[in-house]
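Heads up: the structure comes next, in C-alpha cells.
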Amino acid sequence: MFTGIVEERGSVTAVEPGRLSVRGPLVTSDARYGDSIAVNGVCLTVTEVEGDVFTVDVMGETYKRTALGDLVVDAPVNLERALPANGRLGGHIVQGHVDGVGRIAARRPEAEWETVHIDAPEALLRYIVEKGSIAVDGVSLTVAGLRDGGFTVGLIPVTLAATTLGAAAVGATVHLEVDVLAKHVERLLEVRA
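Using my numbering, you'd call the opening residue of the sequence shown number 1 and step up by one each time.
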C-alpha cells in the first residue's frame, strides 16, 4: 500500500523488454529484492538494486493498462516506497493498481497554485467525486470538480516542485487510480442485487 505522497523524482536509466531500471537515491537507500516501489503510481517489485538504481520486471498486463511502455531513458518519474505498518498515511490509500490512463486537457496558473483539467476514461468517471481522492501518476490529490469527460485538480507549489506533474504538458498521459473503497462498495451492491 502507498499514500500518494511522492518521496522523490527519479529518472529512468534503462528500458528493456519486460524490464525497467530507475535511479532514485532515496527509495534505493533501503530497497531490497522483493520490495514494492511505485513508479508514476504503478506498484512494481524490485528485482535488483545496484547503487542508487533499482530494476523491476514489467508484465504485459501492466504495459497494457499503463503508459510505462512510453518511458524512455532519462524520463522523470514519481517514486514512492510502500508504506510501512507504522508509517503515516499523509495522502490516501493508494494500491499502485492503476485503473486507467488519462490525459492532461488544460492547465491554468492561479495566484498560488495551478488548476489542471484531466480527461478520464468514461468507465472511471463514476468513481470520481468532487472532494474525493484520486491518484494521478501516483500523486494523492483531491478532486476539485467534475466536468464532461473528466475532472479538475489543484496543484499546490510543493506538488508542482516535487512531482512530475509540475512539468507535465497539456496532452501528456497520466496514470489514474480511483478510490478503491468506491470500487468495493459498487461490487458489494452488485452482489446483493
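Even for Gly, the Cβ is constructed at its ideal location relative to N, Cα and C.
Since this is a predicted model, take the numbers as computed values, not measurements.
Determine the burial state of residue i: buried for a count of at least 16 other Cβ atoms within 10 Å of its Cβ, exposed for fewer.
i, result
"threonine 164", "buried"
"valine 191", "exposed"
"valine 225", "Since the first residue shown for the chain is 1 and the last is 193, residue 225 is missing from the structure and cannot be characterised."
"valine 12", "buried"
"glycine 69", "exposed"
"glycine 91", "buried"
"glutamate 80", "buried"
"tyrosine 33", "exposed"
Mapping DSSP to helix, strand and coil, what is residue i?
i, result
"alanine 161", "helix"
"valine 139", "strand"
"leucine 146", "strand"
"valine 73", "coil"
"histidine 184", "helix"
"threonine 3", "coil"
"threonine 246", "Look at the range of the chain in this structure, 1 to 193, and you will see that residue 246 is not part of it."
"glycine 166", "helix"
"proline 84", "coil"
"proline 25", "helix"
"valine 178", "coil"
"leucine 79", "strand"
"arginine 126", "coil"
"leucine 68", "helix"
"tyrosine 190", "The question names tyrosine, but residue 190 is glutamate in the sequence shown. DSSP places glutamate 190 in helix when its eight states are reduced to three."
"alanine 172", "coil"
Roughly how many angstroms separate the alpha carbons of residue i and residue j, rounded to a whole number?
i, j, result
"valine 94", "tyrosine 63", "19 angstroms"
"glutamate 61", "valine 101", "14 angstroms"
"serine 36", "aspartate 137", "16 angstroms"
"valine 27", "alanine 38", "10 angstroms"
"leucine 83", "threonine 173", "26 angstroms"
"valine 77", "asparagine 40", "6 angstroms"
"asparagine 86", "threonine 152", "32 angstroms"
"isoleucine 5", "leucine 176", "15 angstroms"
"alanine 120", "glutamate 50", "37 angstroms"
"alanine 135", "valine 72", "22 angstroms"
"proline 25", "alanine 161", "18 angstroms"
"glycine 18", "valine 56", "8 angstroms"
"alanine 31", "glutamate 16", "21 angstroms"
Please determine, among the options, the residue with the shortest C-alpha to C-alpha distance to residue i.
i, options, result
"phenylalanine 54", "Asp148, Arg147, Ser21, Gly90", "Ser21"
"isoleucine 104", "Glu114, Gly96, Glu110", "Glu114"
"glutamate 130", "Asp119, Thr142, Pro121", "Thr142"
"histidine 117", "Ala123, Glu50, Gly132, Arg108", "Arg108"
"valine 180", "Gly24, Ile5, Ser133", "Ser133"
"alanine 123", "Val139, Val178, Val73, Ala168", "Val178"
"leucine 44", "Asp52, Arg32, Val58, Ala31", "Val58"
"alanine 42", "Ala67, Glu48, Gly34, Ala31", "For the sequence presented, residue 42 should be read as valine rather than alanine. Looking at the Cα atoms, Ala67 is the closest of the given residues."
"alanine 111", "Leu155, Lys183, Arg19, Leu89", "Leu155"
"glutamate 48", "Ala14, Glu8, Pro157, Ala106", "Ala14"
"glycine 10", "Ala169, Tyr33, Thr159, Asp52", "Asp52"
Determine, using beta carbons only, whether residue i comes closer than 9 angstroms to chain C.
i, result
"lysine 131", "Checking the listed chains, one finds no chain C in this structure; it contains a single protein chain."
**OP:** Could you tell me whether the region 145-153 touches the region 80-97, using the rule of 3 or more Cβ pairs below 8 angstroms?
**Re:** no
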